[in-house]
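Following: one structure in structure tokens, then a few remarks.
Structure follows, in structure tokens:
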């Protein structure tokens, strides 16, 4: 038997889960339609009843529309204010910070401006002995209705949850963030990682992302465990809080998201290496934090004492971490490679619309494939984005390149600002906040110490191997840029069932607010205080079809077509002892990476794109037929002109400026002829010009050019 | 008490409603997270139980991912095959037809290739006296679970519904089509209506769309009522089928969707007027069909005999039709106008990303606003699209123009092909088909007759008023192009609760299949058989920033900047008696439209865009301040060159070819200077050149040029 009085209650908030699409409208309408039709068909006495249900559903549908409309208007307002800020060159507040402020305001209005409507929530009386099923069939006066499980409600909350209908309406299902909003953000991040400087600093970035996040997670976890112990002694803790919970908090709060800082870097053209380090770290450590947090959740020791240390369970967690991470990585890479192959071997580039649609679908299928196989979709999407940028992008037509970029740029922009405005809203509308000042202060101290403990020691060790040291000012800037953002929020809101998780969620929210506003606002002063060079001319990714000019340092463009040559790794012509030593060190320390790079250059690029040396020259003779099939005809066409022009560069006084004319893109997707430079310097190398990489030893002052020797350098940072 | 054995049952199919976003993944994951957390927190004996729930949810989540993946791979396959077809210039099968075929194949595999899993569906025992509520709270051994209403299940189906889990998985909530898939399709249609020929044929298009759809609806409805009566006599009808049901069927099946024909027209450059007539009719009659069908559903006579004729209820239905239609129209127009104002008075065009995001959000908010106010979102979105194309588009930056076009093009493409592949799938996976051969044959005859009864008589009446008659071959082609597509399907699947509706759904599905395959394939032969000119040089919408050349007839470009002039309607200089008569007829018949056109040109365009005459000249003197505020400074800048060049045109031998250099777009969004023509003819008009419209009386042969008089013509087709 069911208690009466739940009629006025509208659709549950988890239906409101669609930030991008008005799906939620579906349910209301549908029940209305079903009710209306059965009413027309049956004509029985329950027609009035069903009319009431229909009215109710319609009302609920309207409320859903209104609440979604609220978010859209919020975003519109944010966009207009951002424009005003950009127009006036205001830099102290980023769009995400602004979105949060507007969200906060709307949250306050909803919380205190709308009447509480808790009256119509009555008790219930349908009991069940066994367990909860995901679907119920209910017999209502001869008619059968199907109900689906929405979730558990803690008994104490039954009467308080329903405080305010509007508050419920604007509360989204947390999984929306993971399944709808984060994928485009993460994919866009991966897709825009196609920067020379990312690959140049790959070693450091991987170290920061993997080691750094692990270190940060454990340090924060342990510090927070101390705080929790303290709270227990003081008597501020009203429920259980285990060590694994602390570690979980450490994992979710270790996902940095310096979107504010990076936007300012971009605008001010700050140092490109620092940008690459920060951006690369933040992108990859999101992936690490997701997998780390799910491994910690998966830590379930055998026996009754489920929160003691258990070596077997620990290693199982480590195994889960490695398994999920490598699995997701593989999924992402595989779909990226498949897309590259498809775009290479079909002439889809004649139809940009088809090409863009295919690109979108394949990238989305990565997410679903990973989820279907039990891996993490968001992580897979990240690596898919990187693969797509590295291979598929080169096969796309010019129009599709801009289309895909713009499509994901818009999706990313909308999703990101939606999350941040939702964060602002959640501070007031979320119903289960647990504010614990001790925990919050402890968390702020812990994240500060955690970041310090990973940036400074790691930078020290990395500097031992790096030729271009990460200076103190860079380290301080990285330390400073430890903002928390969308990923930490999404991880924290994913599970707010227990007391510990609720406290974590509240704390995470406050940390995000504080870091985005304070650190975001302080970036410009910090940059000048730390003497970090700004105004470096580095064209953005949008100018990729134009020439690239790079000042101060000679970078590596991994996307540029190298001329075909087999003996790519016979590094020659270093006529100074310094460069020779550098080579040796490089060869010793980074053989694994070089192996990969050579493999990528000699086999993967030729197979997956229209660039690179022909496979007929790189593959052994016995697979000549296969090589001929896989090699794109464009490669042969590009062969001659490349060999002649690839070593051109310009030397101007003061700065060493190398012109790498970016590969001009032809309509059939091949990227070939390099643009000529204005002045030639050094000997026109004939044989050892096989790599696209030229690097000058710039000395300490960075302006002193030692132009005697040209050397072959791989996109590595650790050539001491 | 609840019966056992429903554990293995996965998430219900209505969760699977997300074609574009993996929302469905949310629910599975979420329950898993909730279960896992409560398990960690509680540590009670129910931990094992919850682990089972978690496993179940995870399994369901995977199945959801797999089924969505199926659709994505289906679309990918479709894209690749389309490419192959386009590459080989195969025209007999359109991409939508292809998507249906692939959908059919997958449907067959799912239906007959996967094992039926009906074993685990047991009976239920939780009864309720009162009525169905939208939410239930269920007490399971001390824990409370929340359930939401999914819908009613007819008692006979309880044990048969669950035949096959996979079939359930791939069945979407019908409202998905209305709330997610149709809006981008319809918006794109409206947004790409920015064609001269649409406005030129507006009168005819409106007549076909409104009168034609109403005529077609009533004729089909009445014919089908006859068929139903016949079936009752023969004994083939097993359940009720009312007259209103027949009318409803007439409404949903009157929505034409000649996507296949239009694609071929586009490719072959078929006659532009015919294209405009067909496209305009199909776009607008979708809107009419939606509103018409909901008005018929709303027809509820007072008293017990709910299916007899009741004048009050009838007029109420008519009122509802008018109310919903005008309300939705207003919503769409208002948001379009607001967007135009915002883009005009901010300098958002410096930031194309912000501009695009704003455009997207505003267009989406139309849908929500209309739904929130109780109007029809899809209809509102259509008119919003038209308004955006007419006004906002002119204010956007060049980059945003292409961005918005491409964004909605991709969304439209994906949504359309998704619907068609779902249609193919639904033929085999939909569980409630009612195949009735008599009804199906009757429906085919009825739609044929219904289309004939609206095309030929309407064309006859329109030809009385049209100068350029709609020839017999055009009428036959329009008759032939009565394909049914996405809209008819979405309307039919929206409600399949009763027997009559299920029969309608099955019939609609078969009609769509038949028309898309047979008519789509027969378009090219039909064009040549009917002697319809193809290969007419008409640049597509993408070339808008280039010059437009138009042969054979002089069209009207409503988006072109007219020179500022007050006395727009003093039509002068018709020195032949023929043209004078033409003017008089025009002035008599179309005064309403001309009033609107002059209002649009003199007030709306200057207020909403950077084009048109300055408001300071068109508004009365006493609102000079307001006029000065609203007029864009660009208008004054554009004033001089426009006046000089606007009457330039070229006369080549044979054809009359007028060059209207399209407004060249400057970076700040203003569209101004007209390109000069090569040869000038006729007197350079100084005063009466106020309208952008120049039309020559072409006589009967269309090649005989009487170039003595220039006349002012409005974008109307009915100037006899």
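Residue numbers (my numbering), protein chains in the order written: chain A, 215 to 934; chain B, 215 to 934.
Heads up, the beta-carbon is just placed ideally off N, CA and C, and yes, glycines get one too.
For clarity, every value in this text was computed on a predicted model and none was experimentally measured.
Quick one: what does DSSP say residue i is sitting in, helix, strand or coil?
i	result
residue 845 of chain B	coil
residue 470 of chain B	strand
residue 747 of chain A	coil
residue 615 of chain A	helix
Under 7 Å between C-beta atoms, does residue i make it to chain B?
i	result
residue 585 of chain A	yes
residue 571 of chain A	yes
residue 560 of chain A	yes
residue 579 of chain A	yes
residue 414 of chain A	no
residue 575 of chain A	yes
residue 332 of chain A	Below a pLDDT of 50, predicted positions are generally treated as unreliable, and residue 332 of chain A, at 45, falls in that range; no measurement from the model is reported.
residue 482 of chain A	no
residue 312 of chain A	no
How should residue i be labelled, buried or exposed, when 16 other C-beta atoms within 10 angstroms of its C-beta is the threshold for buried?
i	result
residue 481 of chain B	exposed
residue 303 of chain A	exposed
residue 731 of chain B	buried
residue 558 of chain A	buried
residue 835 of chain A	exposed
residue 598 of chain B	buried
residue 843 of chain B	exposed
residue 767 of chain B	Low confidence applies here, because residue 767 of chain B scores a pLDDT of 29, under 50, leaving its location unreliable and the question unanswered by this model.
residue 460 of chain A	buried
residue 619 of chain A	buried
residue 705 of chain A	buried
residue 635 of chain A	buried
residue 810 of chain B	exposed
residue 840 of chain A	exposed
Is residue i close to chain A? Criterion is C-beta to C-beta, closer than 7 Å.
i	result
residue 628 of chain B	yes
residue 624 of chain B	yes
residue 508 of chain B	no
residue 567 of chain B	yes
residue 620 of chain B	yes
residue 839 of chain B	no
residue 617 of chain B	yes
residue 822 of chain B	no
residue 324 of chain B	no
Check whether the Cβ of residue i sits closer than 6 Å to any heavy atom of the ligand PLP, and report yes or no.
i	result
residue 493 of chain B	This structure lacks the ligand PLP; in fact it carries no ligand of any kind.
TODO: Determine, using beta-carbon pairs with one atom in the stretch 695 to 714 of chain B and one in the stretch 473 to 488 of chain B, whether at least three such pairs fall under 8 Å.
DONE: yes
TODO: Mind checking the stretch 272 to 303 of chain B against chain A and listing, in chain order, the residues whose C-beta falls within less than 9 Å of any C-beta there?
DONE: From the stretch 272 to 303 of chain B, only 272, 274, 275, 276, 277, 278, 279, 280, 282, 283, 286, 287, 289, 290, 293, 294, 296, 297, 298, 300, 301 have a Cβ closer than 9 Å to chain A.
- [ ] For the stretch 501 to 517 of chain A and the stretch 420 to 434 of chain A, state whether three or more C-beta atom pairs, one from each stretch, are separated by less than 8 Å.
- [x] yes
Open item on the list: Count Cβ pairs between the stretch 617 to 630 of chain B and the stretch 645 to 664 of chain B that sit closer than 8 Å; are there 3 or more?
Closed with: no
Open item on the list: Counting beta carbon pairs with one atom in the stretch 708 to 715 of chain A and one in the stretch 665 to 677 of chain A, are three or more of them shorter than 8 Å?
Closed with: no
Open item on the list: Contact between the stretch 522 to 530 of chain B and the stretch 569 to 589 of chain B is defined here as three or more beta-carbon pairs at a separation below 8 Å; is this criterion met?
Closed with: Proximity of the stretch 522 to 530 of chain B to the stretch 569 to 589 of chain B falls short of the contact definition, fewer than three beta-carbon pairs being nearer than 8 Å.
Open item on the list: Does the stretch 450 to 461 of chain A come into contact with the stretch 680 to 694 of chain A, if we say contact requires no fewer than three beta-carbon pairs (one atom in each stretch) closer than 8 Å?
Closed with: no
TODO: Could you tell me whether the stretch 583 to 591 of chain B touches the stretch 272 to 287 of chain A, using the rule of 3 or more Cβ pairs below 8 Å?
DONE: Yes, they touch.
Task: Contacting positions in the stretch 530 to 561 of chain B - beta carbon closer than 8 Å to chain A - done: 556, 560, 561
Task: Interface positions of the stretch 592 to 614 of chain A facing chain B (Cβ-Cβ less than 9 Å), listed along the chain - done: 613
- [ ] Report yes or no: do the stretch 635 to 647 of chain A and the stretch 436 to 450 of chain A share at least 3 C-beta pairs separated by less than 8 Å?
- [x] no
- [ ] Note down, in chain order, all residues in the stretch 451 to 466 of chain B with a beta-carbon under 9 Å from any beta-carbon belonging to chain A.
- [x] Cβ contacts with chain A come from 453, 454, 456, 458, 459.
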